[in-house]
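Protein chains in written order, with the working numbering: chain A, 625 to 914; chain B, 625 to 914.
Heads up, the beta-carbon is just placed ideally off N, CA and C, and yes, glycines get one too.
A quick note: this is a predicted structure, and the numbers were derived from the prediction, not measured.
Here the structure comes first, spelled out in structure tokens, and everything after it is commentary.
There are 2 protein chains.
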Amino acid sequence: MDILTEKSSMRRAADRWRAEGRRIALVPTMGYFHEGHLSLMDMARKAADRVVVSLFVNPAQFGPSEDLARYPRDLERDAALAEARGVDCLFAPPAEEMYPAGYQTWVEVTDLAAGLCGASRPGHFRGVCTVVAKLFNIVRPDVAVFGAKDFQQLQVVRRMAADLDLPVEILAHPVVREPDGLAMSSRNTYLSPEERRSALSLFSSLELAARLVREGEREAGRIEAAVAAHIRSAPGTRIDYVFVGDPETLRPVKRLAGPTLLALAVWVGKTRLIDNTILEPCPTGPMRAD
Amino acid sequence: MDILTEKSSMRRAADRWRAEGRRIALVPTMGYFHEGHLSLMDMARKAADRVVVSLFVNPAQFGPSEDLARYPRDLERDAALAEARGVDCLFAPPAEEMYPAGYQTWVEVTDLAAGLCGASRPGHFRGVCTVVAKLFNIVRPDVAVFGAKDFQQLQVVRRMAADLDLPVEILAHPVVREPDGLAMSSRNTYLSPEERRSALSLFSSLELAARLVREGEREAGRIEAAVAAHIRSAPGTRIDYVFVGDPETLRPVKRLAGPTLLALAVWVGKTRLIDNTILEPCPTGPMRAD
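Structure follows, in structure tokens:
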């Protein structure tokens with residue numbers, strides 16, 4: 625596996641593969657790999673002939689009061705994990721390679737990025753879109769793999785690629801969870817043992833919502849309220865948002881009429897965690913007589 | 625010459641040429657060709673094996689009170705002119721092909737786009753950058769040709785391409801002028817015979833400035849004042865800006881120490897015209913004794 629830090633060498637490697645007719649997959653990451661990242665790499669491996677994993681803790685997507693400085697990093701371990709997963713190239717540029725002096729161009733998706741994480745993290749998706757557009761332009765992948773844990777990011781990136789006519793197929797990998805259900809995240813390393821227990825309330829609230837829907841609940845407000853109450857019952861949690869809405873437009877819905885997104889952002893101590901699921905109201909559910 | 629209106633057919637044509645090893649040039653235009661456009665096509669012809677001219681009156685770069693609706697259009701004439709100049713493909717998509725329902729992604733250059741035309745036309749360069757990024761992603765040209773008449777646009781597009789890692793070389797073609805010096809522009813068709821005479825004050829003020837510099841003037845403020853007074857002496861003119869500054873950063877300078885941009889935007893009646901030149905202070909000019 626090659627480890628490249630310069631855009632020019634990354635572009636040359638990708639150009640060479642393209643000239644050989646290879647299909648290229650890109651997995652954009654911020655590193656500190658867990659099984660979630662590794663599953664994205666497996667998915668990329670199946671979808672293409674050459675797999676590039678980018679590892680870049682993107683300063684542009686962190687707010688001034690966020691955890692850029694303490695975001696966990698371990699390039700050596702990440703390189704070993706990626707290589708073991710059959711990755712062909714790890715692209716790990718320094719920040720000044722991506723944002724040299726005088727940098728001043730930004731890519732922004734408006735509506736889809738306005739609410740949810742976009743509301744609590746101003747500028748976050750602008751940073752995400754900009755770095756992803758740059759990575760797409762450097763690597764020119766045929767396919768790129770994103771995790772569905774960051775559901776809004778997935779939809780924002782899909783929109784950005786379609787709107788800007790970037791000829792890349794975006795694949796989504798389902799949320800990868802710890803055995804007890806906690807969604808894998810590099811930020812889980814911030815959690816104390818107590819916080820780790822409280823963090824489980826995110827997943828169990830998704831299960832609660834799925835059960836309510838199975839039992840016939842269709843009112844978004846009642847689902848949100850039940851989820852919020854469940855999370856609040858766990859010590860040290862503070863809800864940023866509980867959202868029930870359309871998975872494509874990310875607009876809230878009042879009643880569930882088809883596959884519906886339930887997305888959460890919750891502070892557990894000083895750590896902000898997100899999770900989501902798609903609620904599937906079955907039209908012949910037990911509460912319906914027709 | 626092919627006339628294509630769909631992104632997918634444009635992309636296929638360009639992909640085919642690329643696979644054959646052809647070098648592709650793109651000339652983005654809003655149509656209603658004059659000799660300025662045709663000179664860009666000649667430059668593109670020399671720089672590449674295949675020349676694509678895009679013809680798109682981009683709604684995103686017009687303000688709500690601007691001349692989008694009355695901007696001159698003549699596709700048939702344009703197609704004949706482009707074909708005669710050896711263009712391989714005219715890409716003329718309808719607006720809904722470039723901005724379908726739900727479109728919401730924008731590319732923005734901050735500092736370089738903030739002043740001059742960016743100040744008087746809010747959102748203009750956001751529209752320009754977005755459509756140019758899209759055209760670059762559809763055609764993937766090796767080289768793109770822009771006119772130096774829109775000097776700020778040229779520098780903003782250069783910055784955008786470099787910042788977003790778009791692997792395209794940007795070529796600038798010098799301002800093309802009518803025999804009497806008026807910079808060619810599709811908007812010149814708006815001018816009445818009287819306005820056409822007044823419009824000449826833009827070019828003659830550039831000549832005046834060049835003469836002052838040749839005679840030793842180095843104070844930007846005095847050059848600006850002389851240029852402004854000259855333009856104001858022409859009937860029906862109203863100055864938007866007279867700018868003397870650094871051609872790379874587009875920041876104003878107080879004294880001329882090297883090649884310096886003089887850029888103008890002037891209303892002549894209801895028509896806004898722009899022009900510019902690079903002032904070249906000769907270090908051994910007549911006013912210097914050292």
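Tell me the residue span of the beta strand (DSSP E) that contains residue i.
i	result
ASN682(B)	Unbroken run through ASN682(B): none, as it is neither H nor E.
PRO652(A)	648-653
LEU628(B)	626-628
Which residue marks the beginning of the alpha helix (DSSP H) containing residue i, and which one marks its end?
i	result
ASN915(A)	Outside the modelled stretch of chain A, which goes from 625 to 914, sits residue 915(A), for which no answer is possible.
ASP639(B)	631-643
VAL780(A)	775-787
When you compare each of the options to residue i by their alpha carbons, which one comes out closest?
i	options	result
LEU830(B)	LYS773(B), ALA881(B) and LEU790(B)	LYS773(B)
THR884(A)	LEU832(A), TRP891(A), LEU874(A) and GLY893(A)	LEU874(A)
HIS661(A)	ASP702(A), ARG694(A), ALA834(A) and SER632(A)	ASP702(A)
TRP891(A)	VAL866(A), GLN779(A), PRO717(A) and GLY726(A)	VAL866(A)
GLU818(A)	ARG811(A), GLY893(A), GLY747(A) and HIS854(A)	GLY893(A)
LEU778(A)	ASP766(A), LEU759(A), VAL752(A) and LYS758(A)	VAL752(A)
ALA887(A)	VAL851(A), VAL767(A) and GLN728(A)	VAL851(A)
PHE657(A)	ARG694(A), ARG674(A), ASP698(A) and MET625(A)	ASP698(A)
LEU815(A)	ILE855(A), ARG896(A), GLY747(A) and TRP641(A)	ARG896(A)
HIS854(B)	GLU700(B), GLU843(B), PHE827(B) and ALA844(B)	PHE827(B)
GLU700(B)	GLY860(B), GLY726(B) and ILE627(B)	ILE627(B)
LEU740(A)	GLN776(A), PRO859(A), ARG783(A) and ARG842(A)	GLN776(A)
GLU721(A)	LEU692(A), VAL837(A), ARG694(A) and VAL755(A)	VAL755(A)
GLY655(B)	GLU644(B), LEU692(B) and ARG669(B)	LEU692(B)
ARG669(B)	ALA684(B), SER689(B), PRO683(B) and ARG646(B)	ARG646(B)
PHE770(B)	PRO803(B), ASP666(B) and ALA833(B)	ASP666(B)
LEU880(A)	LYS631(A), LEU836(A), ARG821(A) and PRO688(A)	LEU836(A)
LEU705(A)	THR861(A), ILE902(A), SER663(A) and THR629(A)	SER663(A)
ALA725(A)	SER822(B), ALA786(B) and GLY845(B)	ALA786(B)
How is residue i classed by DSSP in three states: helix, strand or coil?
i	result
ALA913(B)	For ALA913(B), the predicted structure reports a pLDDT of 46, less than 50, and the residue's modelled location is therefore unreliable. The matter cannot be settled from this model.
TYR814(A)	helix
ALA807(A)	strand
HIS661(B)	helix
ALA772(A)	coil
LEU826(B)	helix
LEU795(A)	strand
ALA833(B)	helix
Touch test, the stretch 860-879 of chain B against the stretch 785-799 of chain B, Cβ-Cβ under 8 Å, three pairs minimum
no
Note down, one range per segment and in chain order, each beta strand (DSSP E) of at least 3 residues found wholly within the stretch 681-751 of chain A.
713-715 and 729-733
I'd like the ranges of any beta strand (DSSP E) spanning at least 3 consecutive residues and lying wholly in the stretch 836-902 of chain A.
861-869 and 884-892
Touch test, the stretch 674-685 of chain B against the stretch 705-717 of chain B, Cβ-Cβ under 8 Å, three pairs minimum:
yes
Is the stretch 728-736 of chain B in contact with the stretch 723-735 of chain A, if contact means three or more CB pairs nearer than 8 Å?
yes
Measuring CB atoms only, is the stretch 635-654 of chain A touching the stretch 749-768 of chain A, in the sense that at least three cross pairs come out at less than 8 Å?
yes
Would you check if the stretch 734-744 of chain B and the stretch 786-793 of chain B touch, i.e. whether three or more CB-CB distances between them fall below 8 Å?
no
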